[in-house]
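To keep things clear, I will list the structure first and then write my remarks on it.
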Amino acid sequence: MELKNYQKSVMRNLSSFMDCVNNTANLFAAWEEYWRRQDIGVGLGGVPTYNNAIKGVPHVCMKVPTGGGKTFMACSSVKRIFDEMPKDKPKVVVWLVPSDPILNQTIKTLSDINHPYRQKLEADFAGRVGVYTKEQLLNGHNFSPDTVREMLTVCILSYGSLRIDSKKKDVRKVYQENGNLLRFAEYFNDKETLLADTPDTALIQVLRQLSPVTIVDESHNAGSDLSVEMLNRL
7 MELKNYQKSV MRNLSSFMDC VNNTANLFAA WEEYWRRQDI GVGLGGVPTY NNAIKGVPHV
67 CMKVPTGGGK TFMACSSVKR IFDEMPKDKP KVVVWLVPSD PILNQTIKTL SDINHPYRQK
127 LEADFAGRVG VYTKEQLLNG HNFSPDTVRE MLTVCILSYG SLRIDSKKKD VRKVYQENGN
187 LLRFAEYFND KETLLADTPD TALIQVLRQL SPVTIVDESH NAGSDLSVEM LNRL
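Just so we're on the same page, the working numbering is the position in the sequence shown counted from 1, plus 6.
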């Protein structure tokens, strides 16, 4: 499966924006430089100013029509993003979806080594790819400091699994002490960023310390204050 021409154009735009992020003083300057390269102004009749909803974290939105190949584009963007980051950064992706049907479908396609989405990731990361459900992460199933250093780690979760307001017991486990993840806590090197009133071994703390690339499927459903708070925890 190959990118179509319009998809390749989107990938080039993504790389251009990341280049601007790496070579300007802040995200607002990066946004302005990205559009300047296309002879388009920002504000005052141009495109809107940068939306800094997740403070200090660069983010973009790919608007793709139904059937436009958004999932394959997301898979194709992962290597481009990590190529612009420090080489020693753990290659961890949190892939968020809005509903259980989409969750199950995403898990199915990304776990299937014969599916084009998984094959794209395998090709870009030399066959070193691990795909995890919430249950596998909580159980520490082949998920350790060693594995995240050695391969691309894709964690597929629903929006609801990270929303702290949920009263569902299985959801709250993400925020509870977890002996299966004890080894991760030993490697935390930025304890000032740990979430307050949350055990160091909680899965949410592990993900936060890994500073993952986050893919938000159907991000138009993730604009509420609750969803922004969820993303800020990562």
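Glycine included, each C-beta is placed from N, C-alpha and C at the ideal position.
### Query
How many whole angstroms separate the CB atoms of G136 and T159, which I take to be in contact at a CB cut-off of 8 Å?
For the purposes of this step, residue 136 is taken as the residue at position 130 of the sequence shown. For the purposes of this step, residue 159 is taken as the residue at position 153 of the sequence shown. Contact holds; Cβ gap of about 5 Å.
### Task
Just grab the DSSP bridge partners of G136 for me.
Locating residue 136 in the sequence shown gives position 130, counting from the first residue. DSSP output for G136 lists T159 as bridge partner(s).
### Residue closest to F190, alpha-carbon to alpha-carbon, out of M24, N148, N238 and G75
As a first step, residue 190 must be located in the sequence shown, where it is residue number 184. Nearest in C-alpha terms to F190, of all of M24, N148, N238 and G75, is N148.
### Task
Return helix, strand or coil for L20, following the three-state DSSP convention.
Taking the sequence shown and counting its residues from 1, one reaches residue 20 at position 14. In the structure shown, L20 sits in a helix (DSSP, three-state: H, G or I).
#### Entry: Residue closest to E192, alpha-carbon to alpha-carbon, out of C161, S150 and L143
For the purposes of this step, residue 192 is taken as the residue at position 186 of the sequence shown. The residue with the shortest Cα to Cα distance from E192 is S150.
### Task
Assign T30 to one of three DSSP states: helix, strand, or coil.
For the purposes of this step, residue 30 is taken as residue 24 along the sequence shown, with counting starting at 1. Note: T30 maps to coil in three-state DSSP.
### Message
Quick check on this structure: which residue in Y138, S22, I113 and V70 has the alpha carbon closest to the alpha carbon of I87?
### Response
To locate residue 87, count along the sequence shown from 1; it is residue 81. I87 has its Cα closest to that of S22, out of Y138, S22, I113 and V70.
### Message
Please tell me whether P218 and V100 are closer than 8 Å, where the distance is taken between their beta carbons.
### Response
For the purposes of this step, residue 218 is identified with residue 212 of the sequence shown, where counting begins at 1. For the purposes of this step, residue 100 is identified with residue 94 of the sequence shown, where counting begins at 1. Cβ distance < 8 Å, so P218 and V100 count as in contact.
#### Entry: Span of the alpha helix (DSSP H), counted from its first residue to its last, around L127
Stepping through the sequence shown from its first residue, residue 127 is reached at position 121. Here the alpha helix (DSSP H) through L127 covers P122 to D130.
### Query
Starting from T72 and walking both ways along the beta strand (DSSP E), at which residues does that stretch end?
Working through the sequence shown from its first residue, we reach residue 72 at position 66. Segment: none, T72 is in no beta strand (DSSP E) and carries neither H nor E.
### Query
Whose C-beta lies closer than 6 Å to the C-beta of E183 among residues of the same chain, with five residues either side of it excluded?
Taking the first residue of the sequence shown as 1, we reach residue 183 at position 177. Taken in chain order, the residues that qualify are P205 and T207.
### Message
Taking the beta strand (DSSP E) that T220 belongs to, which residues open and close that run?
### Response
In the sequence shown, counting from the first residue as 1, residue 220 sits at position 214. Segment V219 to V222, the beta strand (DSSP E) holding T220.
#### Entry: S82 in three-state terms, based on DSSP
Looking up residue 82 in the sequence shown gives position 76. Reduced to three states, the DSSP call for S82 is helix.
### Task
Could you name the residues of the same chain whose beta carbon sits closer than 8 Å to that of R214, not counting the 5 residues immediately before and after it, in chain order?
Counting from 1 along the sequence shown, the entry for residue 214 is found at position 208. So the qualifying residues of the chain are T199, L200, L201, R239 and L240.
### Query
Between the Cα of Y181 and the Cα atoms of L188, L187 and I170, which residue gives the shortest distance?
In the sequence shown, the residue the question calls residue 181 occupies position 175. Y181 has its Cα closest to that of I170, out of L188, L187 and I170.
### Query
Where does the unbroken alpha helix (DSSP H) through V234 begin, and where does it stop?
Locating residue 234 in the sequence shown gives position 228, counting from the first residue. Start and end: D231 to N238.
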